[in-house]
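Q:
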Amino acid sequence: AQSVTQLDSQVPVFEEAPVELRCNYSSSVSVYLFWYVQYPNQGLQLLLKYLSGSTLVKSINGFEAEFNKSQTSFHLRKPSVHISDTAEYFCAVRPSGGSQGNLIFGKGTKLSVKP
Amino acid sequence: GAGVSQSPSNKVTEKGKDVELRCDPISGHTALYWYRQSLGQGLEFLIYFQGNSAPDKSGLPSDRFSAERTGGSVSTLTIQRTQQEDSAVYLCASSTQTGGRGEQYFGPGTRLTVT
Chain A
1 AQSVTQLDSQ
11 VPVFEEAPVE
21 LRCNYSSSVS
31 VYLFWYVQYP
41 NQGLQLLLKY
51 LSGSTLVKSI
61 NGFEAEFNKS
71 QTSFHLRKPS
81 VHISDTAEYF
91 CAVRPSGGSQ
101 GNLIFGKGTK
111 LSVKP
Chain B
116 GAGVSQSPSN
126 KVTEKGKDVE
136 LRCDPISGHT
146 ALYWYRQSLG
156 QGLEFLIYFQ
166 GNSAPDKSGL
176 PSDRFSAERT
186 GGSVSTLTIQ
196 RTQQEDSAVY
206 LCASSTQTGG
216 RGEQYFGPGT
226 RLTVT
């Protein structure tokens with residue numbers, strides 16, 4: 001079985017400051033890793049994913065996450081946040097083999113960017 | 116193109132009544148998933164369908180919950196004898212393939228309130 005821990009339920013930050021949203025996972029098998037974002041009153045959208053290859057993955061809006069196998073982490077970072085980044089961010093995993101298709105989500109981190 | 120659609124967007128029902136929630140996946144997507152998003156529990160997997168295979172029902176919380184997928188397309192999630200703890204946002208997602216790499220596209224959700 002897999003589990004995902006997002007230690008911070010809320011992260012307040014000022015505009016243009018850097019931010020890191022932490023994600024740790026537990027799994028006895030290899031996994032793929034994902035970050036989803038949910039903007040206010042909107043559905044879940046895929047932000048970025050790690051499947052294989054380079055452990056550093058980037059999104060089109062400046063977020064990046066690094067897969068660290070030894071620490072079983074997939075922290076999300078952005079060097080300078082904008083007001084529009086205010087949203088809830090969910091880390092998720094899924095086994096890379098087998099037929100299990102569903103995602104296992106963390107409980108989410110609410111990022112609040114203040115002017 | 117059209118994304119995943121869900122109906123109704125909001126549903127208020129009395130305790131003990133049955134409800135049906137509908138999901139229209141993206142055309143051509145063979146895999147369909149139901150999740151539940153509730154305060155304190157985060158995002159929980161409920162059930163998923165892949166083509167004509169038997170569905171994975173391992174996430175259904177009780178036998179009051181059931182789902183079907185007709186013709187490999189539209190899916191209906193049915194909750195019988197609703198309870199207040201069933202209040203949540205029910206999310207549907209679809210993907211082109213099960214497991215591993217297939218990105219899941221989420222619908223806007225149905226907000227269920229049981230009074």
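For the protein sequence lines, the chains are A and B, in the order given.
In terms of my numbering, the first sequence has 82 at position 82, counting the first letter as 1, and numbering is strictly consecutive.
Residues are numbered in my numbering as their position in the second sequence, beginning at 1, plus a constant of 115.
We put the beta carbon where it would ideally sit given N, CA and C, even for glycine.
From a predicted model like this one, the values you see are computed outputs, not experimental measurements.
#1: Tell me which residues share the same chain as glutamate 64 of chain A and place their Cβ nearer than 8 Å to its Cβ, disregarding the 5 neighbours each side in the sequence.
#2: Helix, strand or coil: which one does DSSP assign to glutamine 198 of chain B?
#3: Sort B/Val229, B/Gly217, B/Ala169 and B/Gly174 by Cα distance to glutamate 200 of chain B and report the nearest one.
#4: Would you decide whether isoleucine 60 of chain A is buried or exposed? Buried here means 16 or more other CB atoms lie within 10 Å of its CB.
#5: Mark alanine 17 of chain A as exposed unless 16 or more other C-beta atoms lie within 10 angstroms of its C-beta, in which case mark it buried.
#6: Which one of A/Pro95, A/Glu88 and A/Lys114 has the shortest CA to CA distance from tryptophan 35 of chain A?
#7: So which residues of chain A does proline 140 of chain B contact, with C-beta pairs closer than 7 Å?
#8: Measure the C-alpha to C-alpha separation of phenylalanine 105 of chain A and serine 181 of chain B and round it to an integer number of angstroms.
#9: Please name the residues in the region 87-104 of chain A whose beta-carbon is closer than 9 Å to at least one beta-carbon of chain B, in chain order.
#10: Measure how close the beta-carbons of tyrosine 25 of chain A and leucine 51 of chain A come, nearest whole angstrom, since I'm counting them as under 8 Å.
#11: On the criterion of 16 or more Cβ atoms from any shown chain inside 10 Å, does glycine 53 of chain A qualify as buried, or is it exposed?
#12: Taking the CB atoms as reference points, tell me whether glycine 143 of chain B and glycine 166 of chain B lie closer together than 8 Å.
#13: Return the chain-ordered ranges of every beta strand (DSSP E) run that is complete within the region 13-78 of chain A and spans a minimum of 3 residues.
#14: Expressed to the nearest angstrom, what Euclidean distance is found between the alpha-carbon atoms of serine 168 of chain B and glutamate 183 of chain B?
#15: Glutamine 219 of chain B: buried (16+ other C-beta within 10 angstroms of its C-beta) or exposed?
#16: Report all residues from its chain with a CB closer than 6 Å to the CB of glutamine 10 of chain A; omit the five preceding and five following residues, and keep chain order.
#17: Can you give the beta carbon distance from threonine 191 of chain B to leucine 136 of chain B, rounded, assuming they're within the 8 Å contact cut?
#18: How long is the line joining the alpha carbons of serine 70 of chain A and glycine 174 of chain B, rounded to whole angstroms?
#19: Just the C-alpha distance for phenylalanine 74 of chain A and aspartate 85 of chain A, rounded to the nearest angstrom, thanks.
#20: Is it buried or exposed, alanine 146 of chain B, if we count other Cβ atoms within 10 angstroms and call 16 or more buried?
#21: Measure from the C-beta of leucine 44 of chain A to each C-beta in chain B and report whether the shortest distance is under 8 Å.
#22: Kindly indicate the opening and closing residues of the beta strand (DSSP E) around asparagine 245 of chain B.
#23: By the criterion of Cβ-Cβ separation under 7 Å, what are the contact partners of lysine 78 of chain A in chain B?
#24: Quick check on glycine 53 of chain A - is its C-beta less than 8 Å from some C-beta in chain B?
#25: Does DSSP classify isoleucine 83 of chain A as helix, strand or coil?
A: Once the coordinates are examined:
#1: Position 64 of the first sequence holds residue 64 of chain A. Leu48, Leu56, Val57, Lys58, Leu76, Arg77 and Lys78, listed in sequence order.
#2: By 1-based counting over the second sequence, the position of residue 198 of chain B is 83. Glutamine 198 of chain B falls in the coil class under three-state DSSP.
#3: Locating residue 200 of chain B in the second sequence gives position 85, where the first residue counts as 1. Closest by alpha carbon: B/Val229.
#4: Looking up residue 60 of chain A in the first sequence gives position 60. Flag for isoleucine 60 of chain A reads exposed.
#5: Within the first sequence, residue 17 of chain A is the residue found at index 17, counting from 1. Its Cβ having fewer than 16 others within 10 Å, alanine 17 of chain A is exposed.
#6: As a first step, residue 35 of chain A is located in the first sequence; it is residue number 35 there, counting from the start. Among A/Pro95, A/Glu88 and A/Lys114, the Cα nearest to that of tryptophan 35 of chain A belongs to A/Glu88.
#7: Numbered from its first residue, the second sequence carries residue 140 of chain B at position 25. What proline 140 of chain B touches in chain A: nothing, since even the nearest Cβ is about 13 Å away.
#8: As a first step, residue 105 of chain A must be located in the first sequence, where it is residue number 105. As a first step, residue 181 of chain B must be located in the second sequence, where it is residue number 66. When rounded, the distance between both Cα atoms is 22 Å.
#9: Phe90, Ala92, Arg94, Pro95, Ser96, Gly97, Gly98, Ser99, Gln100, Gly101, Asn102, Leu103 and Ile104
#10: To locate residue 25 of chain A, count along the first sequence from 1; it is residue 25. To locate residue 51 of chain A, count along the first sequence from 1; it is residue 51. Contact flag wrong, Cβ pair sits at about 15 Å.
#11: On the first sequence, position 53 is the one that residue 53 of chain A refers to. Classification for glycine 53 of chain A: exposed.
#12: By 1-based counting over the second sequence, the position of residue 143 of chain B is 28. By 1-based counting over the second sequence, the position of residue 166 of chain B is 51. Going by C-beta atoms, glycine 143 of chain B is not nearer than 8 Å to glycine 166 of chain B.
#13: 19-21, 24-26, 31-38, 44-50, 56-58, 64-68 and 73-78
#14: On the second sequence, residue 168 of chain B is found 53 positions in, with the first residue counted as 1. On the second sequence, residue 183 of chain B is found 68 positions in, with the first residue counted as 1. Those two C-alpha atoms are separated by around 12 Å.
#15: Translated into the one-based positions of the second sequence, residue 219 of chain B becomes position 104. Glutamine 219 of chain B is buried by the Cβ-count criterion.
#16: In the first sequence, residue 10 of chain A corresponds to position 10, counting from 1. Excluding positions up to five away in sequence, the list reads Lys110.
#17: Within the second sequence, numbered from 1, the residue matching residue 191 of chain B stands at position 76. Within the second sequence, numbered from 1, the residue matching residue 136 of chain B stands at position 21. With 8 Å as the limit, threonine 191 of chain B and leucine 136 of chain B qualify as a contact, their Cβ atoms being about 7 Å apart.
#18: Working through the first sequence from its first residue, we reach residue 70 of chain A at position 70. Working through the second sequence from its first residue, we reach residue 174 of chain B at position 59. About 29 Å.
#19: Position 74 of the first sequence holds residue 74 of chain A. Position 85 of the first sequence holds residue 85 of chain A. So the alpha carbons of these two residues sit roughly 19 Å apart.
#20: Locating residue 146 of chain B in the second sequence gives position 31, counting from the first residue. By the neighbour-count criterion, in which 16 or more other beta carbons inside 10 Å mark a residue as buried, alanine 146 of chain B falls on the buried side.
#21: Along the first sequence, read from residue 1 onward, the residue named residue 44 of chain A stands at position 44. Leucine 44 of chain A counts as touching chain B.
#22: Since the first residue of chain B shown is 116 and the last is 230, residue 245 of chain B is not available in this structure.
#23: Looking up residue 78 of chain A in the first sequence gives position 78. Within 7 Å Cβ-Cβ: nothing; lysine 78 of chain A doesn't reach chain B, min ~21 Å.
#24: In the first sequence, residue 53 of chain A corresponds to position 53, counting from 1. Not closer than 8 Å to any Cβ of chain B, the Cβ of glycine 53 of chain A fails to qualify, so no.
#25: Start at 1 with the first residue of the first sequence, and residue 83 of chain A comes out as number 83. Three-state DSSP puts isoleucine 83 of chain A in a helix.
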